[in-house]
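*Asks:* If you're matching positions, the sequence shown starts at 87 in this note's numbering and goes up one per residue.
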Amino acid sequence: MQYPNKDQKFPLENYTRLCFLKNIITNPNIIVGDYTYYDDFEDVANFEKNVKYHFDFIGDQLIIGKFCMIASDVTFIMNGANHLTQSISSYPFAIFGHDWQNAMKDKAYPNKGNTIVGNDVWIGYNVTILPGITIGDGAIIAANTTVTKNVPPYSIVGGNPSKVIKKRFTDEKIEILLELKWWDWDIEKITKHVADLTGDTSINLKAIANEE
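1) Return the residue from the list Asp129, Ala167, Phe133 and Cys154 that minimises the CA-CA distance to proline 146.
2) Suppose the cutoff is 6 Å on Cβ atoms and the five residues either side in sequence are ignored; what does the same chain contact list for glycine 224 look like?
3) Quick check on this structure: which residue in Phe141, Lys259 and Asp125 has the alpha carbon closest to the alpha carbon of proline 114?
4) Could you check the C-alpha separation between histidine 184 and aspartate 270 for me, to the nearest Å?
5) Would the stretch 212-231 and the stretch 278-288 be scored as touching if the rule is three or more Cβ pairs under 8 Å?
6) Provide the residue(s) that pair with phenylalanine 162 in DSSP beta bridges, ordered along the chain.
7) Which two residues bound the contiguous alpha helix (DSSP H) that contains aspartate 257?
8) Please report how far the alpha carbon of lysine 275 lies from the alpha carbon of phenylalanine 255, in whole angstroms.
9) Just grab the DSSP bridge partners of serine 173 for me.
10) Which residues in the same chain as alanine 131 place their Cβ atom closer than 8 Å to its Cβ, once the five residues preceding and following it in sequence are excluded?
11) Using only the alpha-carbon positions, how far apart do methionine 164 and tyrosine 211 sit?
12) Across the stretch 188-205 and the stretch 244-261, are there enough close Cβ pairs to call them in contact, namely three or more that are closer than 8 Å?
13) Checking 7 Å against the spacing of the C-beta atoms, do threonine 231 and methionine 87 come in under that value?
14) Less than 8 Å between C-beta atoms, sequence neighbours within five positions excluded: which residues of the same chain meet that for asparagine 188?
15) Helix or strand or just coil, what does DSSP make of tryptophan 208?
16) Quick one, are the C-beta atoms of threonine 171 and isoleucine 150 less than 7 Å apart?
17) Note down, in chain order, each residue of its chain lying with its Cβ closer than 8 Å to the Cβ of aspartate 93, except the 5 sequence neighbours on either side.
18) I'd like to confirm the pairing. Which residues does DSSP put opposite phenylalanine 143 in its beta bridges?
19) DSSP three-state call for phenylalanine 96: helix, strand or coil?
20) Hey, isoleucine 209 and valine 250 are a contact pair by Cβ (cut 8 Å); roughly how many whole angstroms apart?
21) Closest to arginine 103 by CA distance: which of Ala228, Ala157 and Asp126 is it?
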């Protein structure tokens, strides 16, 4: 049984604009699952450049699951971009030092936590994802969307600000898919059933999941 090597940087021969993303990441606060790929019109190294305001001293993480598909010019805005919004001024006086250095004493900038992308998520061209967002398994994000709130599993969202356009499947089917977590099957089992995974959703996935 043959299948792509998850540890290969460029899985397509003579094609270096698409990579298995985990194999090019250098930032320990970016965690990526197996077989998630990134495609860039210019250079796959742009991915980390497009994770913005990701400062070590804040410590927030970008966590991306398995088998995700991420298009060129997708941008993740991290918590380092946040400013005060409930104060008289949003200006970050303290970062400039001098007699401004204590402006933030006993205060903190907003931190919305880690940004989490589930498994089998397709993120289209030029999408922007704001800090602390969670995107559920199986979701699809339309091109040019600005994701401003959490995305339910197996939903299609688009627009600026983002909104749910529709669910991909019935609630019953979504519940089954979330229970099965096909992306966690061993790779031999996934390989055996790739035609099923890319086919009609009426197949008996539970029977496949319970195979020995």
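Positions of the beta carbon are idealized from the N, C-alpha and C atoms, including for glycine.
*Replies:* For this structure:
1) Note that residue 146 corresponds to aspartate in the displayed sequence, not to proline. Selected option, being the one with the closest Cα: Ala167.
2) Asp206, Pro239 and Tyr240
3) Phe141
4) 53 Å
5) no
6) Val137 and Ile215
7) 257-266
8) 23 Å
9) For serine 173, which the question treats as bridged, DSSP gives no partner whatsoever.
10) Ile110
11) 19 Å
12) no
13) no
14) Ala180
15) strand
16) no
17) Phe106 and Asn109
18) Note: phenylalanine 143 sits in no beta bridge, so no partner.
19) coil
20) Not quite, the Cβ-Cβ distance comes to about 15 Å (not below 8 Å), so this is no contact.
21) Asp126
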